[in-house]
Structure formats: C-alpha cells, structure tokens
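Visitor: Going letter by letter, the sequence shown gives residues 1 to 152 in UniProt numbering.
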Amino acid sequence: MKVGVISDTHGLLRPEAVAALEGCEAIIHAGDIGSQDIVEQLSAIAPLHIVRGNNDMAAAWATSIADHLRFAIEGWHILLVHDIAGVPALLDDRVKLVITGHSHKPRIEWRGDTLYLNPGSAGRRRFKLPVTLALLEMSADSMEPSIVRLVD
1 MKVGVISDTH
11 GLLRPEAVAA
21 LEGCEAIIHA
31 GDIGSQDIVE
41 QLSAIAPLHI
51 VRGNNDMAAA
61 WATSIADHLR
71 FAIEGWHILL
81 VHDIAGVPAL
91 LDDRVKLVIT
101 GHSHKPRIEW
111 RGDTLYLNPG
121 SAGRRRFKLP
131 VTLALLEMSA
141 DSMEPSIVRL
151 VD
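Dropping the structure here:
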C-alpha cells in the first residue's frame with residue numbers, strides 16, 4: 001500500500017506535491033496545514049489522516065482537527081503528532097510508526113523496531129531546508145519509507 005506523508009504546507013499545496021501523492025491509497029498530514037482548502041484537495045486524492053500544527057491552533061476551520069491521532073494501516077499502529085516533543089507522553093509499545101512535522105527537516109530514523117518519520121516541509125521554503133514529502137510503502141510485514149524532494 002502506497003501512503004503519502006506530508007507536513008508543514010502552511011497554506012501552500014504545490015503542484016509537485018499533488019503529483020507526488022497521486023496513486024496513494026492514504027495520505028497523512030502532520031500539521032501546519034494552513035487552510036481548509038488544502039484538507040479538501042488532499043481528501044480528493046485519498047483518505048486523509050490529519051493533525052493540527054501549532055500554526056493551525058487559532059484557525060476556526062481547524063477546531064475539529066485533533067492535536068494527535070492514533071490509527072493503524074496494514075496492521076501497523078501509528079502515532080501522528082505535529083511536534084516530536086509531544087511524542088514521549090503518547091508513546092506505547094504498540095506504536096511502530098511515529099510521524100511528526102514541525103522542524104521542516106526530513107528524517108527517517110529507526111529506533112529499535114519503531115520508525116520515526118518526518119516528511120519535512122512541503123510548503124514555502126524555510127531557510128535553506130529542502131522542500132519535501134515522504135512516501136511509505138506499507139504491507140503487513142514491512143514499511144519502506146522514502147523522502148521525495150519536490151523542488152531544487
């Protein structure tokens with residue numbers, strides 16, 4: 001199953017991101033979405049799992065969006081939270097995939113048998129950080145993440 005993971009769009013859903021997410025069977029947004037329009041555009045591509053980021057907190061359109069989310073895909077228990085600082089209080093032994101955003105820095109890190117994935121920022125470039133998202137190939141017995149650079 002192909003899963004798209006995106007974060008920190010900050011109101012900008014680039015055509016390159018939409019193209020990279022085509023064919024995904026699920027999309028996960030790790031917060032700092034920026035607008036209801038982005039939620040609707042992503043939902044039109046595939047089923048969407050989302051959390052609010054710190055920049056979404058005061059937005060009226062985001063009041064019904066959770067600060068963290070637990071769900072499963074292909075039997076893998078997933079914890080989705082915008083800021084990695086919130087992870088320790090929410091983590092338990094069942095979680096095998098932790099998805100965060102906030103830092104704008106893409107990262108794939110295995111800690112034991114748990115995958116920590118930050119897709120980076122797909123929105124406006126911040127400093128000299130890359131503009132990225134992640135793709136995740138998931139099956140009942142494996143998770144294969146990759147970072148996709150959207151612009152040079």
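Think of the CB as a built atom: it goes at the ideal place given N, C-alpha and C, for glycine as much as any other residue.
All figures in this text were calculated on a predicted structure; none of them were measured in a lab.
1) Alpha carbon to alpha carbon, how far is Val87 from Asp93? Give it in angstroms, no decimals.
2) Roughly how many whole angstroms lie between the Cα atoms of Leu48 and Val18?
3) Is Ile45 helix, strand or coil by DSSP?
4) First and last residue of the beta strand (DSSP E) that includes Ala26?
5) Does DSSP classify Ala86 as helix, strand or coil?
6) Quick test of your reading: Thr63 and Val81, contact by CB under 8 Å. State the CB separation rounded to the nearest angstrom.
7) Are there three or more Cβ pairs, one per stretch, closer than 8 Å when the segment 5-21 is compared with the segment 121-134?
8) Taking 8 Å as the limit between beta carbons, can you name the residues of its chain near residue 156, skipping five residues before and five after?
9) Tell me the rounded alpha-carbon separation between Leu13 and Ser35.
10) Between which two residues does the beta strand (DSSP E) containing Ala72 stretch?
11) Who are the Cβ neighbours of Met143 in its own chain at under 7 Å, not counting the five residues just before and after it?
12) Please return the same chain residues whose Cβ sits closer than 8 Å to the Cβ of Ile51, not counting the five positions on each side in sequence.
13) Do Val131 and Leu117 have their C-beta atoms within less than 8 Å of each other?
14) I'd like to know whether the C-beta atoms of Val3 and Glu25 end up nearer to each other than 8 Å.
15) Using the DSSP secondary-structure output, state which residues sit across from Asn118 in a beta bridge.
Guide: Taking the geometry as given:
1) One C-alpha to the other measures close to 13 Å.
2) Computed Cα separation, rounded: 13 Å.
3) Reduced to three states, the DSSP call for Ile45 is helix.
4) Here the beta strand (DSSP E) through Ala26 covers Ala26 to His29.
5) The sequence shown places Gly at residue 86, not Ala. DSSP places Gly86 within a helical segment (H, G or I) once states are collapsed to three.
6) Rounded, the Cβ-Cβ distance is 18 Å, inconsistent with contact.
7) The answer is yes - the segment 121-134 touches the segment 5-21, with three or more Cβ pairs under 8 Å.
8) Outside the displayed range of the chain (1 to 152) lies residue 156, so it cannot be described from this structure.
9) In this structure, the alpha-carbon of Leu13 lies about 10 Å from that of Ser35.
10) Per DSSP, the unbroken beta strand (DSSP E) holding Ala72 starts and ends at His68 to Ile73.
11) So the qualifying residues of the chain are Trp76, Leu97, Leu115 and Leu136.
12) The amino acid occupying residue 51 in the given sequence is Val; Ile does not appear at that position. So the list reads His29, Ala30, Gly31, Ile65, Ala66, Asp67, His68, Leu69, Leu80, Val81 and His82, once near-sequence residues are dropped.
13) In this structure, the beta-carbon distance from Val131 to Leu117 does not fall below 8 Å.
14) Yes. Within cutoff.
15) In DSSP, Asn118 forms a bridge with Arg107.
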